[in-house]
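All remarks here apply to the structure that follows.
Numbering (the working numbering), first residue to last: 471 to 712.
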């Protein structure tokens with residue numbers, strides 16, 4: 471699919487992986503709708519960096535624990551034109567085990583990773599012009615298919631997101647492809663303590679390379695993989711083999 475001049479909505483695009491995806495798509499000439507929930511300043515920075523690449527960009531606020539916001543999000547994104555690329559990246563990563571979870575944690579993870587993405591995909595499909603190509607990419611995690619009891623509610627929700635991808639791929643074919651990228655530990659949690667300078671520089675170099683590989687995979691899926699749908703591309707450096 472030709473990307474220049476087309477519109478992409480990237481959820482959770484204010485920071486980290488979502489920001490890198492938004493900027494990479496802008497590098498490809500796409501106009502970008504930058505979704506954010508609580509990181510207003512970072513969202514403005516992402517929008518500005520996209521605009522510096524000569525494309526249009528808007529910021530869209532929405533709390534994905536409230537699925538009622540998704541129709542308005544898609545409408546705001548469509549002010550740039552028909553949305554032909556949807557990246558479901560927004561997430562939360564909260565460690566918990568079975569004896570620590572409660573109903574609220576289970577529901578919040580399910581809303582963010584399954585319910586709101588499903589409804590966003592519905593709105594995406596509804597606004598996509600007849601016969602137009604569409605691309606949906608979900609950001610998964612190796613915990614979607616490998617049990618990690620230390621992240622109980624998160625892993626359960628990501629497993630639901632994996633099956634959502636398969637359902638969408640079957641439902642939206644052939645005009646819209648639906649695929650996933652499953653990254654490994656690309657960026658550490660913000661809560662990690664500071665490390666010595668040499669180790670920090672080494673990890674920063676690794677993170678830049680891992681982010682490049684992830685965005686390369688994403689560009690392949692939205693630009694080149696016209697006949698690929700319902701697939702997961704792992705970008706985890708083999709860390710799940712052990």
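For glycine and all other residues, C-beta sits at the position ideal for the given N, C-alpha and C.
Segment contact, 8 Å Cβ cut-off, at least three pairs: the stretch 628-644 with the stretch 676-692: Result no; under three Cβ-Cβ pairs closer than 8 Å.
Using 8 Å as the threshold, is the C-beta distance between residue 622 and residue 544 below it? The sequence position of residue 622 within the chain shown is 152, counting from 1. The sequence position of residue 544 within the chain shown is 74, counting from 1. Contact: no.
Hey, residue 529 and residue 517 are a contact pair by Cβ (cut 8 Å); roughly how many whole angstroms apart? Residue numbering aside, residue 529 sits at position 59 when the chain shown is read from its first letter. Residue numbering aside, residue 517 sits at position 47 when the chain shown is read from its first letter. About 5 Å separates the two Cβ atoms, so the contact holds.
The beta strand (DSSP E) spanning residue 721 covers which residue range? For the chain, the structure presents residues 471 to 712; residue 721 sits outside this window and is missing.
Among 505, 553, 616 and 509, nearest to residue 600 - alpha-carbon criterion: Position 130 of the chain shown, counted from the start, is the residue given in the question as residue 600. Of the listed residues, the one whose Cα sits closest to residue 600 is 553.
Can you have a look at residue 532 and say buried or exposed, based on whether 16 or more other CB atoms are within 10 angstroms of its CB? Here residue 532 refers to the residue found at position 62 of the chain shown. Label assigned to residue 532: buried.
Find out if the Cβ-Cβ distance for the pair residue 540, residue 501 is shorter than 8 Å. Indexing the chain shown from 1 puts residue 540 at position 70. Indexing the chain shown from 1 puts residue 501 at position 31. Cβ atoms of residue 540 and residue 501: not closer than 8 Å.
If you check the beta carbons only, do residue 547 and residue 503 fall under 8 Å apart? Working through the chain shown from its first residue, we reach residue 547 at position 77. Working through the chain shown from its first residue, we reach residue 503 at position 33. In contact: residue 547 and residue 503 (Cβ atoms closer than 8 Å).
Could you please give me the residues that DSSP links to residue 653 through a beta bridge? Walking along the chain shown from the start, residue 653 turns up at place 183. Residue 653 pairs with 705.
So what's residue 472 in DSSP terms, helix, strand or just coil? For this step, residue 472 is matched to residue 2 along the chain shown. Of the three classes helix, strand and coil, the one that applies to residue 472 here is coil, per DSSP.
Which residue marks the beginning of the beta strand (DSSP E) containing residue 541, and which one marks its end? Counting from one through the chain shown, the residue named residue 541 turns up at place 71. For residue 541, no beta strand (DSSP E) encloses it; the enclosing alpha helix (DSSP H) starts and ends at 540-547.
Leaving out the 5 sequence neighbours to the left and right, which residues in its chain are closer than 6 Å to residue 519 when beta-carbon positions are compared? Translated into positions along the chain shown, residue 519 becomes position 49. Closer than 6 Å at Cβ, skipping near neighbours: 493.
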